[in-house]
Ligand SMILES: Cc1cc2nc3c(=O)[nH]c(=O)nc-3n(C[C@H](O)[C@H](O)[C@H](O)COP(=O)(O)OP(=O)(O)OC[C@H]3O[C@@H](n4cnc5c(N)ncnc54)[C@H](O)[C@@H]3O)c2cc1C
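In UniProt numbering, the protein residues as written are 1 to 428.
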């Protein structure tokens with residue numbers, strides 16, 4: 001139930017939708033008429049009787065505040081009428097307003113996207129890597145013959161105090177385009193480069209599961225950092241702004257984007273024994289994208305994968321300041337709901353100190369937990385790294401130190417882990 005409610009919070013910022021998460025629950029609909037006129041009060045999910053109510057004028061939600069994650073327990077308490085699940089099963093009304101998903105500031109849509117019909121249980125895309133034994137889809141759309149995706153929403157993920165700009169971009173994907181967790185897609189920015197040639201495609205890690213944040217398998221979400229360039233005096237240089245990331249961050253709902261792919265097998269989830277394989281996920285900044293996808297698949301969605309997954313997953317994420325933490329409220333939710341199986345640790349470099357008094361980076365977290373991590377990998381865990389290239393030297397040094405203490409040669413150990421499929425790196 002909490003998962004459902006949580007998902008509702010995510011979805012409610014994207015569009016109106018119908019949701020029937022499991023046969024035990026009545027399906028109900030969020031009105032797609034979430035306009036500024038209605039304000040947040042309109043986020044009163046309705047019983048089935050109110051489905052299709054578009055009386056209030058349409059428009060996507062406009063959110064300019066930072067909201068905490070919807071917490072059904074707290075929300076239920078606030079409304080004072082007991083357990084939310086019970087009330088939902090009775091088809092009663094409840095209020096999501098107090099708990100809209102955090103940090104998403106979705107732009108107003110020029111026209112409301114159509115409602116999304118959700119499947120009662122999410123199994124219709126499990127064949128993509130059937131039983132974990134086959135490869136994920138690859139290059140369904142080629143760079144030379146891309147497809148068109150439509151923007152459903154773009155939201156800022158970090159606070160204004162945090163440096164830079166990182167956005168969650170939700171795209172509706174072309175028919176027949178599917179992907180699995182850990183893959184990336186190409187975006188071909190419009191226009192031409194300085195030489196008059198079409199822009200090269202840029203790759204972006206996929207931040208949603210195969211079902212997308214809309215849960216219907218028809219969308220994909222990206223986590224995009226706007227690439228900026230500053231001169232020696234700290235002034236931004238306009239002509240050196242990142243072409244594709246700027247394009248993605250500035251998109252408005254309804255606009256179109258050329259995409260190709262999906263690509264990548266490096267960061268996919270283990271093919272064998274996934275339910276009992278612990279995951280260690282080490283990321284910096286937007287490197288969190290594939291890990292959000294993994295975590296949603298294993299701890300949030302109503303899929304066979306999440307029902308079967310019994311192992312532990314550890315996330316180590318590095319960001320510069322607290323306001324730059326990505327998807328934290330989602331990860332908090334997973335920590336609360338997973339019974340200790342999902343754990344997130346943060347290295348907030350400009351605010352936290354490592355044990356030597358220096359800035360705290362992910363490699364310092366690795367050092368702190370060195371013994372544990374080493375033993376987990378030696379046992380049956382799989383480790384993933386994703387983010388900026390610059391993270392790797394420190395990370396490798398941390399593992400080198402752990403191995404040295406054990407009288408082992410790290411390079412040999414890493415080769416062994418790679419051969420066993422336990423060591424996965426995607427940095428850019
Ligand atoms: C597998 C993979 C996954 C990735 N996943 C993600 C992801 O999830 N999220 C994400 O945000 N990125 C990701 N990237 C990076 C992404 O592909 C792009 O490289 C990134 O967005 C920058 O592209 P751009 O077009 O905005 O910048 P570009 O226009 O290509 O510019 C690149 C950089 O050069 C600087 N620059 C531009 N012009 C000049 C100049 N004349 N002189 C000096 N510097 C200049 C820009 O400021 C920018 O920092 C990934 C890359 C790979 C390979």
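Cβ atoms here follow ideal geometry from the backbone N, Cα and C, with glycine treated the same way. Computed from a predicted structure; not experimentally measured.
Residue i versus residue j: straight-line alpha-carbon distance, rounded
| i | j | result |
| --- | --- | --- |
| residue 400 | residue 392 | 12 Å |
| residue 326 | residue 350 | 16 Å |
| residue 144 | residue 257 | 14 Å |
| residue 61 | residue 224 | Any reading at residue 61 must be qualified, since the residue scores a pLDDT of 30, below 50, and its modelled position is unreliable; no value is offered. |
| residue 374 | residue 253 | 45 Å |
| residue 162 | residue 386 | 21 Å |
| residue 197 | residue 388 | 27 Å |
| residue 413 | residue 402 | 11 Å |
| residue 183 | residue 291 | 11 Å |
| residue 263 | residue 148 | 17 Å |
| residue 245 | residue 428 | 14 Å |
| residue 354 | residue 323 | 19 Å |
| residue 159 | residue 321 | 10 Å |
| residue 370 | residue 398 | 8 Å |
| residue 177 | residue 214 | 15 Å |
| residue 139 | residue 216 | 21 Å |
| residue 284 | residue 272 | 27 Å |
| residue 426 | residue 416 | 18 Å |
| residue 298 | residue 317 | 18 Å |
| residue 330 | residue 357 | 30 Å |
| residue 113 | residue 212 | Model confidence at residue 113 stands at a pLDDT of 35, short of 50, so the residue's coordinates are unreliable and nothing is read from them. |
| residue 129 | residue 266 | 14 Å |
| residue 314 | residue 281 | 6 Å |
| residue 301 | residue 396 | 33 Å |
| residue 382 | residue 303 | 21 Å |
| residue 289 | residue 195 | 32 Å |
Contact belief for residue i with residue j at Cβ below 8 Å, rounded distance in angstroms
| i | j | result |
| --- | --- | --- |
| residue 286 | residue 166 | 6 Å |
| residue 441 | residue 380 | The chain is shown only over 1 to 428; residue 441 falls outside these bounds and no answer can be derived. |
| residue 136 | residue 180 | 4 Å |
| residue 142 | residue 260 | 6 Å |
| residue 332 | residue 347 | Actually they are not in contact, since the Cβ atoms of residue 332 and residue 347 sit about 17 Å apart, beyond 8 Å. |
Paired residues, beta bridge with residue i - DSSP
| i | result |
| --- | --- |
| residue 221 | 170 |
| residue 316 | 282, 345 |
| residue 240 | The partner list for residue 240 (beta bridge, DSSP) is empty, contrary to what the question assumes. |
| residue 230 | 236 |
| residue 359 | 353 |
N-terminal and C-terminal residue of the alpha helix (DSSP H) that residue i is part of
| i | result |
| --- | --- |
| residue 331 | 328-337 |
| residue 396 | 391-405 |
| residue 307 | 304-308 |
| residue 197 | Where residue 197 is concerned, there is no enclosing alpha helix (DSSP H), given that its DSSP letter is neither H nor E. |
| residue 299 | 289-299 |
| residue 365 | 362-368 |
| residue 415 | 410-419 |
Residue span of the beta strand (DSSP E) that contains residue i, given as start and end
| i | result |
| --- | --- |
| residue 152 | 147-156 |
| residue 259 | 256-263 |
| residue 385 | 382-387 |
| residue 206 | Here residue 206 belongs to no beta strand (DSSP E), and DSSP marks it neither H nor E. |
| residue 426 | 423-427 |
| residue 185 | 184-188 |
The region 220-235 touching the region 166-183, judged by at least three CB pairs closer than 8 Å:
yes
Inter-stretch contact (C-beta, 8 Å, three-pair minimum) for the region 238-254 and the region 336-349
no
For the pair the region 150-158 and the region 193-202, tell me if three or more CB-CB distances fall below 8 Å.
Cβ pair count under 8 Å is below three, so no.
Could you check whether the region 400-414 touches the region 298-312, counting it as contact only if at least three pairs of C-beta atoms, one from each stretch, sit closer than 8 Å?
no
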